[in-house]
Amino acid sequence: MFSRDRWKEILEVLTTNWFRTLLTAFGVFWGIFILIILLAAGKGLENGVKLDFGDTATNTIFMWTQTVSKPYKGLPKGRRYNFKVDDVEAIRQNVDHLRFVSPRNQLGGFGGANNVIRGINAGAFNVYGDYPEIIQQEPMDIVQGRFINYADIIDKRKVAVIGEGVKASLYDKEEEVIGTYIKIRGVSFLVIGVYKKKNTDGDSEEAQKEIFTPFTAFSQAFNMGDRVGWMAITAEDKYSISDLKESVFKVVKENHKIHPDDTRAVGHFDLFEDYSRIVRLFAALRLVAYFVGTLVLLSGIIGVSNIMLIVVKERTKEIGIRRALGESPWSIRGQILMESIFLTIISGMAGIAFASLVIYLINYALDSNGPVDMFTNPSVNIGVVSIALTILIVSGLLAGLIPAQNAIKVRPVDAIRTE
Amino acid sequence: MIEIKNLHKSYKMGSNSLHVLKGIDFSVKEGELVAIMGSSGSGKSTLLNILGMLDEADSGDYHLDKVEIRNLNETKAANYRNKFLGFVFQSFNLINYKTAMENVALPLYYQKVGRKERQRKALKYLEQVGLKEWAGHLPSELSGGQKQRVAIARAMAAEPKVLLADEPTGALDSKTSYEVMDLIQQINDQGNTILVVTHEPDIAHMCKRIVHLRDGVIEKDEKVEQVRASAYV
Numbered sequence: 000m001f002s003r004d005r006w007k008e009i010l011e012v013l014t015t016n017w018f019r020t021l022l023t024a025f026g027v028f029w030g031i032f033i034l035i036i037l038l039a040a041g042k043g044l045e046n047g048v049k050l051d052f053g054d055t056a057t058n059t060i061f062m063w064t065q066t067v068s069k070p071y072k073g074l075p076k077g078r079r080y081n082f083k084v085d086d087v088e089a090i091r092q093n094v095d096h097l098r099f100v101s102p103r104n105q106l107g108g109f110g111g112a113n114n115v116i117r118g119i120n121a122g123a124f125n126v127y128g129d130y131p132e133i134i135q136q137e138p139m140d141i142v143q144g145r146f147i148n149y150a151d152i153i154d155k156r157k158v159a160v161i162g163e164g165v166k167a168s169l170y171d172k173e174e175e176v177i178g179t180y181i182k183i184r185g186v187s188f189l190v191i192g193v194y195k196k197k198n199t200d201g202d203s204e205e206a207q208k209e210i211f212t213p214f215t216a217f218s219q220a221f222n223m224g225d226r227v228g229w230m231a232i233t234a235e236d237k238y239s240i241s242d243l244k245e246s247v248f249k250v251v252k253e254n255h256k257i258h259p260d261d262t263r264a265v266g267h268f269d270l271f272e273d274y275s276r277i278v279r280l281f282a283a284l285r286l287v288a289y290f291v292g293t294l295v296l297l298s299g300i301i302g303v304s305n306i307m308l309i310v311v312k313e314r315t316k317e318i319g320i321r322r323a324l325g326e327s328p329w330s331i332r333g334q335i336l337m338e339s340i341f342l343t344i345i346s347g348m349a350g351i352a353f354a355s356l357v358i359y360l361i362n363y364a365l366d367s368n369g370p371v372d373m374f375t376n377p378s379v380n381i382g383v384v385s386i387a388l389t390i391l392i393v394s395g396l397l398a399g400l401i402p403a404q405n406a407i408k409v410r411p412v413d414a415i416r417t418e
Numbered sequence: 000m001i002e003i004k005n006l007h008k009s010y011k012m013g014s015n016s017l018h019v020l021k022g023i024d025f026s027v028k029e030g031e032l033v034a035i036m037g038s039s040g041s042g043k044s045t046l047l048n049i050l051g052m053l054d055e056a057d058s059g060d061y062h063l064d065k066v067e068i069r070n071l072n073e074t075k076a077a078n079y080r081n082k083f084l085g086f087v088f089q090s091f092n093l094i095n096y097k098t099a100m101e102n103v104a105l106p107l108y109y110q111k112v113g114r115k116e117r118q119r120k121a122l123k124y125l126e127q128v129g130l131k132e133w134a135g136h137l138p139s140e141l142s143g144g145q146k147q148r149v150a151i152a153r154a155m156a157a158e159p160k161v162l163l164a165d166e167p168t169g170a171l172d173s174k175t176s177y178e179v180m181d182l183i184q185q186i187n188d189q190g191n192t193i194l195v196v197t198h199e200p201d202i203a204h205m206c207k208r209i210v211h212l213r214d215g216v217i218e219k220d221e222k223v224e225q226v227r228a229s230a231y232v
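Just so you know, the protein sequences line up as chains A and B, in that order. Its first residue numbered 0, the first sequence is counted upward by one per residue in numbering that gives the first Met the number 0. Its first residue numbered 0, the second sequence is counted upward by one per residue in numbering that gives the first Met the number 0.
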């Protein structure tokens, strides 16, 4: 089937009429080119939008307290309550498949008064009391020193990890940061590390101006008692936090004597729901790209089929002779099919190569001109390319089927008589 | 070698059918050189096509080398054609983008003979027809007589039981016709069975036996004194 003579013949047939072969090949070339470019553009858009989510673990909800809106067990509505440290433990005990349950407390905020002092420098920063897991829910690079660890939590050490923005406003350029002390609301904290967030969001500057301290030390230093301001809860990768969050709320509601149907008492923001909406959008976009690309490719395939019909017609006599000499019908069918598949694959490969070149050039332009909003690194992965190749082989086969059948439909005696 | 009994064949032409072969009884022994003669429309080409398994009879028996030829599917027919028969056509029917040697090697390729062996055999048969030096030439670079000789080499390459020639000299002038007939006689001298369809009496008389067809029946079947073509070359 794949002998040297067969390949020689395929090449002979396809090269007898170069111009026609090229025109035919162009149909397939163009189809696969459009398909790949569409997919790459979709991917670029997707990458751009997903970049806005940064490295944040997207399977996360943030949860805080609001006023109770239903009377329950003799307690009135409009009541305020606080999360307690016990709630954290209760959630961990009662809800499965949660990866992190991080209680957080916070000082300061947007436009707050100066709350941190070092020597003669002062600034207004967000100060958090956190557990070590927060670094996985809000990923950041530690550029100097280390992050908070459990020893800090247990010993209630007054240590702090500061952002690069904090460092810039409290320290001189060349000054050593690790081992110095900063005063947060009059309480001295030892600086043990400097972080940098990779997020390139609009508020990136604000994100570098945060200070992380151990949750326990924070509560003690600022008289939080066992109160918890809010929580960041992340589910295990295989489970969706959107499915698990109701059971989390249930635990909290039971602990605080809140009516089970009270939907307002616990406020939350579901990052995953947001994220999945965007993921769905891009899935739809990809579907459209496949649809349009495949249709364009289809017209190319029809072109190949058409030309193969003409080739078969032209070679009717030759095919007749070969059958008279004893070539089996299957061999002739195979020959026509292979010609068709070969033509499709070669032109398809050229299309893929050309599309890759264009994508490379776009990436090159993006790299040299700086980032463009909502569009980053358009690309197709090897999976898409193999799907495209599969489509090509199948369509080459389809394109050759009818011509191959035509080739053996004519009886050899009639074929030879054709002058 | 060939046994035919009561062979009938008719073609449908629109509403009426044309009865071409009306009961042919005919046999050929090994090593014979038979000419089938007749005017156009006498059914000689139809008979040859049926003998060549390119066409199928409506009724009657056909045995080729004691194998019954009946209800063959295309794959089987192709296989039998390849193994049993060699064809020589009036219009040569060489494949024009293949060289003389590739053309001769073609039937061997369908027999799945290895590449080296194919080339060796093809050259051997080209040498027999005196065209070894032309092995690398395309059919378009050969004269009519040379083309027919390549075609004969191709027909012989598969070492068939029977060689079927349909007007092998029809497209040639008389001098080249005799050259071709000389070649056919030589092949016959080596013991090969050959059937030649022709309407030229001089060509027919270069065979050993002439079968006259008229209106689909055998009119006369006679043994003749063979005229050697070499006398005219």
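All C-beta atoms, glycine included, are put in the ideal place defined by N, C-alpha and C. Given the structure is predicted, the values throughout are model-derived calculations rather than measurements.
Quiz item: Among A:Ser298, A:Ala121, A:Ala414 and A:Val412, which residue has its Cα nearest to the Cα of Ile433 (chain A)?
Solution: As shown, chain A starts at 0 and ends at 418. That puts residue 433 (chain A) outside it, with no answer to give.
Quiz item: Taking Ile420 (chain A) as the reference, which of A:Ala364, A:Glu132 and A:Ile358 has the closest Cα?
Solution: The displayed coordinates of chain A run from 0 to 418. Any statement about residue 420 (chain A) would go beyond what the structure contains.
Practice problem: Over the uninterrupted beta strand (DSSP E) stretch that includes Gly85 (chain B), give me the two end residues. | Solution: Leu84 to Val87
Exercise. Check the DSSP bridge columns for Trp229 (chain A) and list the partner residues they point to.
Key: A:Trp63 and A:Arg103
Practice problem: Would you tell me roughly how many angstroms separate the C-alpha atoms of Pro75 (chain A) and Asn81 (chain A), rounded to the nearest one? | Solution: 16 Å
Self-check item: Three or more C-beta pairs below 8 Å linking the region 177-191 of chain B and the region 155-169 of chain B
Solution: yes
Quiz item: Given a threshold of 16 other Cβ atoms within 10 Å of its Cβ, counted over all protein chains shown, does Ser346 (chain A) qualify as buried or as exposed?
Solution: buried
Quiz prompt | From B:Val149, B:Tyr96 and B:Arg213, residue whose alpha carbon lies closest to that of Leu122 (chain B) | solution = B:Val149
Quiz item: Just how far apart, CA to CA, sit Leu50 (chain A) and Phe211 (chain A)?
Solution: 24 Å
Quiz item: When we look at the beta-carbon of Ser298 (chain A) and count the other beta-carbons within 10 Å, is it buried (16 or more) or exposed?
Solution: exposed
Practice problem: Assign Asp140 (chain A) to one of three DSSP states: helix, strand, or coil. | Solution: strand
Self-check item: Selection of the region 98-120 of chain B by Cβ proximity to chain A, strictly under 8 Å
Solution: Leu105, Pro106, Tyr108, Tyr109, Gln110 and Arg114
Exercise. List the endpoints of the continuous alpha helix (DSSP H) containing Tyr10 (chain B).
Key: It is not in any alpha helix (DSSP H) - Tyr10 (chain B) instead sits in the beta strand (DSSP E) that spans Ile1 to Met12.
Quiz item: Along the chain, where does the beta strand (DSSP E) that runs through Pro213 (chain A) open and close?
Solution: Glu209 to Pro213
Quiz item: Would you report the Cα separation of Phe88 (chain B) and Lys219 (chain B), rounded to the nearest angstrom?
Solution: 25 Å
Quiz item: Does the distance from the CB of Lys239 (chain B) to the CB of Ile49 (chain B) come in under 9 Å?
Solution: Residue 239 (chain B) is absent from the structure shown; chain B starts at 0 and stops at 232.
Quiz item: Would a check of beta-carbon distances place Asp172 (chain B) closer than 9 Å to chain A?
Solution: no
Quiz item: Does DSSP put Val409 (chain A) in a helix, in a strand, or in coil?
Solution: coil
Practice problem: List the residues that DSSP assigns as beta-bridge partners of Ile147 (chain A). | Solution: None; Ile147 (chain A) has no bridge partner.
Quiz item: Shortest alpha-carbon distance to Val379 (chain A) belongs to which of A:Val165, A:Gln105, A:Leu37 and A:Arg79?
Solution: A:Leu37
Quiz item: Mind pulling the chain B residues with CB within less than 7 Å of Val412 (chain A)?
Solution: Asn48, Leu53 and Asp54
Practice problem: Quick one: grab the DSSP three-state call for Asp129 (chain A). | Solution: strand
Quiz item: Leu322 (chain A) by DSSP, collapsed to three states: which one?
Solution: According to the sequence provided, residue 322 (chain A) is Arg. The question's Leu does not apply to it. Residue state, collapsed to three classes: helix.
Practice problem: List the DSSP bridge partners of Leu74 (chain A). | Solution: A:Tyr71
Self-check item: Residue nearest to Pro102 (chain A) in terms of C-alpha spacing, selected from A:Thr64, A:Val158, A:Pro370 and A:Lys72
Solution: A:Thr64
Self-check item: Per DSSP, the bridge partner or partners of Gly122 (chain A)
Solution: A:Val115
Practice problem: Tell me whether Phe217 (chain A) is buried or exposed, calling it buried when 16 or more other Cβ atoms sit within 10 Å of its Cβ. | Solution: buried
Exercise. Indicate whether at least one CB of chain B lies closer than 9 Å to the CB of Ala40 (chain A).
Key: no
Quiz item: Where does the unbroken alpha helix (DSSP H) through Tyr80 (chain A) begin, and where does it stop?
Solution: No alpha helix (DSSP H) contains Tyr80 (chain A), which DSSP labels as neither H nor E.
Quiz item: Excluding sequence positions up to five away, which residues of its chain have a Cβ less than 8 Å from the Cβ of Leu125 (chain B)?
Solution: Ala99, Met100, Val103, Lys131, Trp133, Ala134, Val149 and Ala152
Exercise. Within its chain, find whatever has a CB closer than 7 Å to the CB of Glu31 (chain B); leave out the 5 residues flanking it on each side and keep chain order.
Key: Thr192, Lys207 and Arg208
Quiz item: So who's on the other strand from Asp269 (chain A), going by DSSP bridges?
Solution: A:Ile60
Exercise. In angstroms with no decimal places, state the Cα-to-Cα distance between Asn148 (chain A) and Gly185 (chain A).
Key: 24 Å
Exercise. Find the nearest neighbour of Gln203 (chain B) within the set B:Lys75, B:Lys65 and B:Gly37, judged by alpha-carbon distance.
Key: Note on identity: in this sequence residue 203 (chain B) is Ala, with Gln being the wrong assignment. The residue with the shortest Cα to Cα distance from Ala203 (chain B) is B:Gly37.
Quiz item: In terms of residue numbering, what span does the alpha helix (DSSP H) encompassing Thr192 (chain B) cover?
Solution: Per DSSP, Thr192 (chain B) belongs to no alpha helix (DSSP H); it is in the beta strand (DSSP E), Thr192 to Thr197.
Self-check item: Three-state secondary structure (DSSP) of Ile68 (chain B)
Solution: coil
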